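Undergrad:
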Amino acid sequence: MTQNHTNHIIQSSLLISFLLLGLSFFFGGNANSISNTFSFYLVTEWVDTPLLGILAGMAFLWAGLLVIIAAREPAFNDVLLITLVLIAVMPLLTLISDTRWMTQLGGFPIIGSGQGIIKYAALIPLAIYLSRYNTLSLRQHALLNFIPVALVLYWIGGMKFFEFEANGIVSLVDTSPFMSWLYVVFSVQGASNAIGVYDVLFTSLLGFAIWQKMPRLGLAAVVGAGAVFGMTQTFLFTANNAFSADTIITSLGQFVIKDLWFFGNLAVIVHYGATIGNESTE
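Every number in this note's numbering is 1 more than the matching position in the sequence shown, counting from 1.
1. Can you tell me whether Glu164 is buried or exposed, with buried defined as 16 or more other CB within 10 angstroms of its CB?
2. Note down the Cα distance separating Thr235 from Ile118, rounded to an integer number of angstroms.
3. Can you round the beta-carbon distance between Gly1 and Gly274 to whole angstroms, since I take them to be within the 8 Å contact cut?
4. Contact check, Leu16 vs Gly65 under 8 Å by CB: the rounded distance?
5. Here's a check: name, in chain order, each residue in its chain whose Cβ is nearer than 6 Å to the Cβ of Phe26, leaving out the five neighbours to either side.
6. Straight-line CA distance for Ile70 to Phe77?
7. Whose C-beta lies closer than 7 Å to the C-beta of Thr7 among residues of the same chain, with five residues either side of it excluded?
8. What is the DSSP secondary structure of Trp102, reduced to helix, strand or coil?
9. Taking Tyr42 as the reference, which of Asn31, Leu96, Val224 has the closest Cα?
10. What do you reckon, are the CB atoms on Pro149 and Ala122 nearer than 7 Å?
11. If you draw a straight line from the alpha carbon of Leu52 to that of Ser34, how long is it in whole angstroms?
12. Quick check on DSSP: helix, strand or coil for Phe163?
13. Quick check on the DSSP output: the alpha helix (DSSP H) that includes Gly29 runs from which residue to which?
14. Between the segment 199-216 and the segment 139-159, are three or more C-beta pairs nearer than 8 Å?
15. Taking DSSP as the reference, what is the three-state secondary structure of Phe179?
16. Could you tell me the boundaries of the alpha helix (DSSP H) in which Ala2 lies?
17. For the alpha helix (DSSP H) that contains Phe187, what are its first and last residues?
18. Return the residue from the list Leu145, Arg140, Gly115, Thr251 that minimises the CA-CA distance to Ile129.
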């Protein structure tokens with residue numbers, strides 16, 4: 002995979018996700034997310050949540066436009082970098098808020114809130130790759146893009162071993178033609194455990210492959226990790242029995258759409274692996 006191929010994958014994943022997320026927020030989707038995020042910065046004391054949703058939607062749509070502009074005009078790379086970092090950091094900082102943690106579970110993150118917020122970490126290394134490609138080595142880019150993949154899959158995979166998370170994913174797994182068989186083989190908790198083991202295993206293999214410069218193992222691990230993010234996209238069609246505009250606007254829709262960013266992270270890692278493979282054959 003070349004740099005151009007990787008750029009196209011990243012740009013496509015960002016453009017599609019920003020368009021969908023922008024429209025979702027613009028039309029009032031997941032108002033609780035908007036309220037919780039901006040209340041952390043005390044903005045909700047001055048601006049109503051519906052208006053903040055519109056502004057957030059416009060910010061995502063602007064970011065999508067910047068992706069297109071920067072791809073043709075490198076002079077806009079700095080603007081793209083700042084925009085994507087701001088979009089990522091604003092929700093990420095709210096993780097320190099008490100409203101994001103379940104005190105009855107020793108401070109463990111809320112099922113939907115915490116998982117959805119940490120996905121914003123994927124945007125930062127993607128922004129750096131697009132705007133500062135020559136500043137870092139390809140290995141450094143690969144390691145940076147591995148961090149959000151590991152953060153999300155270890156976090157979400159680790160939560161699968163908890164009863165509240167096992168019960169929380171029943172409606173998604175049970176309606177999925179690709180995953181419902183798990184409940185035939187395992188109990189609800191057993192199926193959740195199996196998913197957790199899968200997430201942790203392939204994430205660990207991916208990190209090991211990058212660190213040890215093993216491109217073949219890395220490619221296999223990318224496929225395994227990528228299957229997780231690909232599977233979540235099918236929930237847009239199976240969770241409510243059919244894909245619709247309403248699906249996009251819901252919190253589930255926004256949660257799933259963010260997984261598109263991780264295809265970009267994994268593409269950078271594949272690019273690095275391809276470079277190692279070429280070096281080994283020379």
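All C-beta atoms, glycine included, are put in the ideal place defined by N, C-alpha and C. Please read all numbers here as calculations on a predicted model, not as lab measurements.
TA: Straight from the coordinates:
1. exposed
2. 21 Å
3. Missing from the structure shown is residue 1; the chain here goes from 2 to 283 and no further.
4. 5 Å
5. Gly54, Ala57, Gly58
6. 7 Å
7. Ala268, Val269, His272
8. strand
9. Leu96
10. yes
11. 13 Å
12. coil
13. Run containing Gly29: none; DSSP gives neither H nor E here.
14. yes
15. coil
16. The sequence shown places Met at residue 2, rather than the Ala named in the question. Neither: Met2 is in no alpha helix (DSSP H) and is coded neither H nor E.
17. Per DSSP, Phe187 belongs to no alpha helix (DSSP H) and is neither H nor E.
18. Leu145
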